[in-house]
Amino acid sequence: MGGCKLRASEFLRLVWYLSVACGITACAAGLSRNPVPLGLESEATVVGMEGEKVRFWGDQLPPNSEALVKEKWAQVRASGRLIPKQGGRPVVNFLALSGGGADGAFGAGVLSGWTARGNRPEFDLVTGVSTGALTAPFAFLGPRYDEALKAVFTESTTKDIAIARPVRGLIAGDSLASNAPLARVVAFYVNEQFLAEVAAEHNRGRRLLIGTTNLDAQRPVIWDMGKIATSGHPESLALFRKVLLASAAIPAVFPPGFVTVAANGQVYEEMHVDGGTTREVFLLPTQFMAKGVDGQLRVDPIRRAYIIRNGRVDPEFKAVKARTLSIAGRSISTLIKNQGIGDLYELYMFSRRNGIAYNLVYIPGNFPDTSTQAFDPVYMSKLFEVGFQIGESGRWQKTPPRWQN
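Positions in the sequence shown are counted from 1; adding 11 to them yields this note's numbering.
What follows is the structure in structure tokens.
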């Protein structure tokens, strides 16, 4: 690409730039679909999950938020799950996994190193976006899936993830590549037994949340994967897989996830893409205030958030060629990096408001990107080892990058 090597997520923004510049969007024949009409987007429910509240908007507090918290604590008590305590107070741990494409190898390494250290907690809440969404279910189910994570993030090549089809995608398709290989990987691991394990942990009061972007509405959507797993609906496994693939569906690069929904007595189709399109990492809607809920439930937990940013945050100097693709590519990568940093700041302020201890790791700035393709197993193996060393050391940053008190 004109001497400018782009990662998959960076290529997304470049496609958008070129689509506007070249008029591709205007002249390509779009695929027919039946989108949710304006005004009904908040009423839409997933067909096959009737009666199940399996998702909510990620930019506003769900109306049943108090009931959700009460249900969680009721499940904890009913299951007899032992929650660690400090000074007589229960300790709950949150894990948030960001997007980052092949850099997800870093997060996989951190988790494995943390296991080796011997003090990796059982997380009450695990969230994931994009590549973090693919990691999150494994992290949720615990260290016994560390080896599977390592295999996925150190042995996969680009052809194991995608099949390029640029001409078809530009002329009459919905993406420049097929994610069929990735779908096969997801299906191999996420089977009925896997779903049953997620359901069992959900019933113990633990939560697994995955973020996608409703592209029609331009809004983040948070999916309660444990709720899907416990629903008992025949479509639950297919929906679980679809959400994971949709969260990792880089728009224009990978095909979106189409979710069949019902609203006002009619059936429609939502388009869901990469959760990183709206936010790179999340915990809960920022309107959530723990203090009010804690008082009602008469609980006073110590909360700790662990955030794994599968990316770099330090500026990286590189002389940019005076060429269109080089300029666009460098601008896009800069945009993505700073968007991710902004999300880390938002999480920090959310944590401070709710008395949550903030812990952050990210790829060291002195670790070079030597990848030769979107998913380079040599590069990912080295990055996994860097993450492993950080996880094993227990070094967590307590503030966002460049924060000054």
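Cβ coordinates follow ideal geometry from the N, Cα and C atoms, glycine included.
Near F395, which residues of its chain fall below 8 Å by C-beta distance, leaving aside the five closest residues on each side in sequence?
-> A116, F117, A119, G120, S123, K161, F164 and T165, listed in sequence order.
Does DSSP classify M300 as helix, strand or coil?
-> coil
Residue nearest to W414 in terms of C-alpha spacing, selected from Y359, F378 and G402 | Y359
Output the distance between the C-alpha atoms of V232 and T383, rounded to the nearest integer angstrom.
-> 33 Å
Assigned exposure category for R155 - 16 Cβ within 10 Å defines buried = With fewer than 16 other Cβ atoms inside 10 Å of its own Cβ, R155 counts as exposed.
Sequence ranges, beta strand (DSSP E) only - wholly within the region 333-382, length at least 3 | 367-373
May I ask which residues mark the beginning and end of the beta strand (DSSP E) holding R66?
-> For R66, the enclosing beta strand (DSSP E) has its first and last residue at R66 to W68.
Return the CA-CA distance between P312 and V103, expressed in angstroms with no decimal places.
-> As the crow flies, the alpha-carbon of P312 is around 7 Å from that of V103.
For A274 and N365, believed in contact at Cβ under 8 Å, the rounded distance | No, N365 and A274 are not in contact; Cβ-Cβ is about 33 Å, not under 8 Å.
Please name the residue in L308, D70, G286 and P95 whose C-alpha comes closest to that of L295.
-> D70
Residue span of the beta strand (DSSP E) that contains Y317, given as start and end = I313 to R320
Helix, strand or coil for G286 per DSSP?
-> helix
Give the secondary structure of S189 by DSSP, where H, G and I count as helix, E and B as strand, and everything else as coil.
-> strand
When burial is assigned at 16 or more other CB atoms within 10 Å of the CB, is R328 buried or exposed?
-> Before going further, note that residue 328 is Phe rather than Arg in the sequence given. Exposed, since its Cβ has fewer than 16 Cβ neighbours within 10 Å.
Nearest to A198 (by Cα), restricted to the options A188, L219, L256 and E158 = A198 has its Cα closest to that of L256, out of A188, L219, L256 and E158.
Alpha helix (DSSP H) segment containing V232, residue limits | Where V232 is concerned, there is no enclosing alpha helix (DSSP H), although the beta strand (DSSP E) it sits in stretches over R230 to D235.
Kindly list the residues whose CB is nearer than 6 Å to the CB of L152, restricted to its own chain and excluding five residues on each side of it in sequence; keep chain order.
-> E208
Grab the span of the beta strand (DSSP E) containing F105 for me, first residue to last.
-> Start and end: R100 to L108.
Taking just the CA atoms, how far does A385 sit from L226?
-> 24 Å
From what residue to what residue does the beta strand (DSSP E) around T165 run?
-> It is not in any beta strand (DSSP E) - T165 instead sits in the alpha helix (DSSP H) that spans D157 to E166.
Compute the distance between the beta-carbons of V65 and D235, then report whether it is under 7 Å.
-> The answer is yes: Cβ separation under 7 Å.
Counting Cβ pairs, one atom from each stretch, are 3 or more of them under 8 Å apart for the region 332-350 and the region 122-136?
-> no
A211 lies in the beta strand (DSSP E); which residues open and close that run?
-> Premise fails: A211 lies in the alpha helix (DSSP H), E203 to H213, not in any beta strand (DSSP E).
Among P132, A194 and S247, the one whose alpha carbon lies nearest that of P101 = P132
V331 burial status per 10 Å Cβ neighbour count (16 or more: buried) = exposed
Pairing CB atoms from the region 396-411 with CB atoms from the region 362-379, are three or more of them under 8 Å?
-> yes
How is the beta strand (DSSP E) around G139 delimited, first residue to last?
-> Where G139 is concerned, the enclosing beta strand (DSSP E) starts and stops at L136 to V140.
Candidates D380, V87, W68 and T56: closest to E212 by CA position = V87
Within the chosen definition, does the region 287-294 reach the region 106-115 through at least 3 CB pairs nearer than 8 Å?
-> yes
With a 10 Å radius around its C-beta and 16 neighbouring C-beta atoms as the bar for buried, classify N45 as buried or exposed.
-> exposed
Can you tell which of P73, L51, T168 and A89 has the C-alpha that lies nearest to the C-alpha of D387?
-> T168
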